[in-house]
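Novice: What follows is a structure written as structure tokens; I'll ask about it next.
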Amino acid sequence: MILVTGGTGFIGSHTTVTLQQAGHDVLILDNLCNSRPEVVDAIAAITGTRPGFVEGDIRDAALLDRLFAEHPIQAVMHFAGLKAVGESTQIPLAYYDNNIHGSVTLLQAMQKAGVRTFIFSSSATVYGDPQKLPLTEDHPRSATNPYGHTKLVVEDILENLYHSESGWRIARLRYFNPAGAHPSGLIGESPQGVPNNLMPFVAQVATGQRPRLNVFGNDYDTPDGTGVRDYIHVMDLAEGHKAALDYCQSLPQALLTTNLGTGKGYSVLEMIQAYAQTSGQDIPYQITARRPGDIAACWADVTHATQTLGWTARLGLEDMCRDAWRWDQQP
Ligand code: NAD
Ligand code: UDP
-12 MILVTGGTGF IGSHTTVTLQ QAGHDVLILD NLCNSRPEVV DAIAAITGTR
38 PGFVEGDIRD AALLDRLFAE HPIQAVMHFA GLKAVGESTQ IPLAYYDNNI
88 HGSVTLLQAM QKAGVRTFIF SSSATVYGDP QKLPLTEDHP RSATNPYGHT
138 KLVVEDILEN LYHSESGWRI ARLRYFNPAG AHPSGLIGES PQGVPNNLMP
188 FVAQVATGQR PRLNVFGNDY DTPDGTGVRD YIHVMDLAEG HKAALDYCQS
238 LPQALLTTNL GTGKGYSVLE MIQAYAQTSG QDIPYQITAR RPGDIAACWA
288 DVTHATQTLG WTARLGLEDM CRDAWRWDQQ P
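So for the sequence shown, our numbering puts the first residue at -12; every next one is plus one.
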């Protein structure tokens, strides 16, 4: 059985589907601070199997001890956490508490229970402002906001833990920009309030919930002046997690650090155009000032993931837009 923290969230729910379809039992632990319990029904509808679900917090040590005692958990995939860069500058303590204290509490419970396989959601944000592209895993790390700092710290904690005792099998997966949804249209990304990320915002413009998109700057040193990112289909990302789990479980111990991206960058304008074409909707936009802290361009070197995991992203921009649009039209 795999314990999936944050399993009703965007990436965790899609990964749960992939794990179940690969024959794993899944137990989800989520406090529902950024997701809804109906996601469990949707996962059951897609896979034909209902994952276990516990509403609870990764900072609840007693609950974790109980879960490890009562279930045959072999590995943990840790998605739970807060992820909004802007919010993290306003309430940094909540970010340090959820993301760092939460991860430490979870790791302590694992250590007590003798469960030592851990897959961690890190982020390309740990690379800071890229010195060279594409980004390889040995690129220097830095953080410009509390959210990014929590990812750096947890990466370091995991490295310390790996070296402190034998038998830990740890993957630190650095995601680029997840997009898209499950092709069934039953699960996808549901941000609360005003979306911070580009694609959910584009979706809300396409469906008429917002009048227009603000494009944050067109004076970057990129082909069309707008920011360039490596968008990866969330189902490819889910497959990457399964590959990382298989890799870890095949070794007596492991510390894997790898990018999960496609290796291709698309600009904001290219993304708007692709989504408009797929959805057949108009996406009005206006160019506004740069968003503070944004970088010009960021995309992955995927050689390491390909060579180590035998994994590579298979879905492209059209797949991401088509699957996102199917989900985005749900009432
Ligand atoms: P999400 O908000 O959709 O999912 C996170 C889930 O964790 C939510 O369901 C939330 O309710 C739950 N959660 C939060 N704090 C919790 C706690 N203390 N205890 C129990 N549950 C808790 O986010 P996501 O996009 O699926 O991201 C998953 C992970 O991937 C996060 O760690 C995020 O930082 C990381 N990540 C996301 C992106 C992205 O763009 N989506 C990029 C890089 C890394
Ligand atoms: N972006 C934008 N308008 C928005 C949201 C994002 O122009 O409403 C741009 C942003 O400046 C960046 C790209 O879209 O160039 C991706 O932003 P997102 O927040 O999705 O990801 P991140 O910046 O974290 O890579």
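Note that beta-carbon positions come from the ideal geometry of N, C-alpha and C, so glycine has one too.
Going by the C-beta, is N246 closer than 8 Å to any heavy atom of the ligand UDP?
Specialist: One-based indexing of the sequence shown puts residue 246 at position 259. The answer is no for N246.
Novice: Just mark A32 as buried or exposed, buried being the case when its beta carbon has 16 or more other beta carbons within 10 Å.
Specialist: Translated into the one-based positions of the sequence shown, residue 32 becomes position 45. So A32 ends up on the exposed side.
Novice: Just checking my contact of G(-6) with T3 at CB under 8 Å: how many whole Å lie between their CB atoms?
Specialist: Your numbering for residue -6 matches position 7 in the sequence shown. Your numbering for residue 3 matches position 16 in the sequence shown. Contact flag correct, Cβ pair sits at about 5 Å.
Novice: Below 9 Å between beta carbons: does that hold for D310 and P170?
Specialist: For the purposes of this step, residue 310 is taken as the residue at position 323 of the sequence shown. For the purposes of this step, residue 170 is taken as the residue at position 183 of the sequence shown. Yes, the pair counts as a contact, with Cβ atoms nearer than the cut-off.
Novice: With distances taken Cα to Cα, identify the nearest neighbour of R197 among Y262, I270, D281, A48.
Specialist: For this step, residue 197 is matched to residue 210 along the sequence shown. Of Y262, I270, D281, A48, the residue nearest in Cα terms is I270.
Novice: Give the C-beta separation of Q240 and S153 to the nearest angstrom, bearing in mind that I take them to be a contact with Cβ-Cβ under 8 Å.
Specialist: Your numbering for residue 240 matches position 253 in the sequence shown. Your numbering for residue 153 matches position 166 in the sequence shown. Confirmed, about 6 Å.
Novice: Sorted by chain position, which residues of the same chain lie with C-beta nearer than 7 Å to H136's C-beta, five sequence neighbours on each side aside?
Specialist: By one-based count along the sequence shown, residue 136 stands at place 149. The answer, listed in chain order, is A130.
Novice: Using 10 angstroms around the beta-carbon of V202, count the other beta-carbons present and answer buried if the total reaches 16, otherwise exposed.
Specialist: Position 215 of the sequence shown holds residue 202. So V202 counts as buried.
Novice: In angstroms, rounded to a whole number, what distance separates the CA positions of L122 and T290?
Specialist: One-based indexing of the sequence shown puts residue 122 at position 135. One-based indexing of the sequence shown puts residue 290 at position 303. Each residue's Cα considered, the two are about 10 Å apart.
Novice: Quick check on the DSSP output: the alpha helix (DSSP H) that includes Y149 runs from which residue to which?
Specialist: The residue given as residue 149 occupies position 162 in the sequence shown. Note, Y149: alpha helix (DSSP H), 133 to 151.
Novice: So which of N184, L304, K119, R103 has the shortest CA-CA distance to T265?
Specialist: Here residue 265 refers to the residue found at position 278 of the sequence shown. Closest option to T265, Cα to Cα, is L304.
Novice: What number of angstroms, rounded off, separates the C-alpha of I(-2) from the C-alpha of D208?
Specialist: Residue -2 sits at position 11 when you count from the first residue of the sequence shown. Residue 208 sits at position 221 when you count from the first residue of the sequence shown. One C-alpha to the other measures close to 31 Å.
Novice: For a quick check, are the C-beta atoms of V141 and F163 less than 9 Å apart?
Specialist: Reading the sequence shown from its first residue, position 154 is the one you call residue 141. Reading the sequence shown from its first residue, position 176 is the one you call residue 163. For V141 and F163, no; Cβs fall outside 9 Å.
Novice: Might you give, ordered along the chain, the residues of its own chain that have their beta carbon closer than 6 Å to the beta carbon of N205, omitting 5 neighbours on each side?
Specialist: Sequence index remark: in the sequence shown, residue 205 carries index 218 (1-based). Cβ neighbours of N205 beyond the five flanking positions: G212, T213, I274.
Novice: Let me know if H228 comes out buried or exposed under the rule of 16 or more other beta-carbons within 10 Å of its beta-carbon.
Specialist: For the purposes of this step, residue 228 is taken as the residue at position 241 of the sequence shown. Buried.
Novice: Look at the alpha carbon of N184 and the alpha carbon of L256, and state the distance between them as a whole number of angstroms.
Specialist: On the sequence shown, residue 184 is found 197 positions in, with the first residue counted as 1. On the sequence shown, residue 256 is found 269 positions in, with the first residue counted as 1. So the alpha carbons of these two residues sit roughly 14 Å apart.
Novice: I want to know whether the segment 33 to 52 touches the segment 7 to 22 - three or more CB-CB distances under 8 Å.
Specialist: Contact between the segment 33 to 52 and the segment 7 to 22 is present, because at least three Cβ pairs lie under 8 Å.
Novice: Quick check: R161 and A111, are their CB atoms within less than 9 Å of each other?
Specialist: Counting from 1 along the sequence shown, the entry for residue 161 is found at position 174. Counting from 1 along the sequence shown, the entry for residue 111 is found at position 124. The Cβ atoms of R161 and A111 sit closer than 9 Å to each other.
Novice: Quick one: measure Cβ to Cβ for D217 and K251, integer angstroms, because I've assumed they're closer than 8 Å.
Specialist: Here residue 217 refers to the residue found at position 230 of the sequence shown. Here residue 251 refers to the residue found at position 264 of the sequence shown. About 6 Å; that satisfies the 8 Å criterion.
Novice: Enumerate in chain order the residues of its own chain whose CB-to-CB distance from F40 is below 6 Å, with the five nearest sequence positions on each side excluded.
Specialist: Position 53 of the sequence shown, counted from the start, is the residue given in the question as residue 40. Closer than 6 Å at the Cβ level, and outside the excluded window around F40, lie I15, V27.
Novice: Return the residue from the list L243, D233, S237, G297 that minimises the CA-CA distance to H11.
Specialist: Counting from 1 along the sequence shown, the entry for residue 11 is found at position 24. Closest option to H11, Cα to Cα, is D233.
Novice: Using alpha carbons as the reference points, say which of V(-9), Q77, N86 lies closest to L54.
Specialist: Here the question's residue 54 lines up with position 67 in the sequence shown. Of the listed residues, the one whose Cα sits closest to L54 is V(-9).
Novice: Between Y134 and the ligand NAD, is there a pair consisting of the residue's CB and a ligand heavy atom that are separated by less than 8 Å?
Specialist: On the sequence shown, position 147 is the one that residue 134 refers to. Y134 Cβ: within cutoff of the ligand NAD.
Novice: Just confirm the distance between the C-beta atoms of E146 and L247, as a whole number of angstroms; I'd bet it's less than 8 Å.
Specialist: As a working mapping, residue 146 is identified with position 159 in the sequence shown. As a working mapping, residue 247 is identified with position 260 in the sequence shown. Distance from E146 to L247 at the Cβ level is roughly 19 Å; contact not present, criterion being Cβ atoms closer than 8 Å.
Novice: Please classify P133 as buried or exposed, where buried requires at least 16 neighbouring CB atoms within 10 angstroms.
Specialist: Here residue 133 corresponds to residue number 146 of the sequence shown, with the count starting at 1. Burial call: buried.
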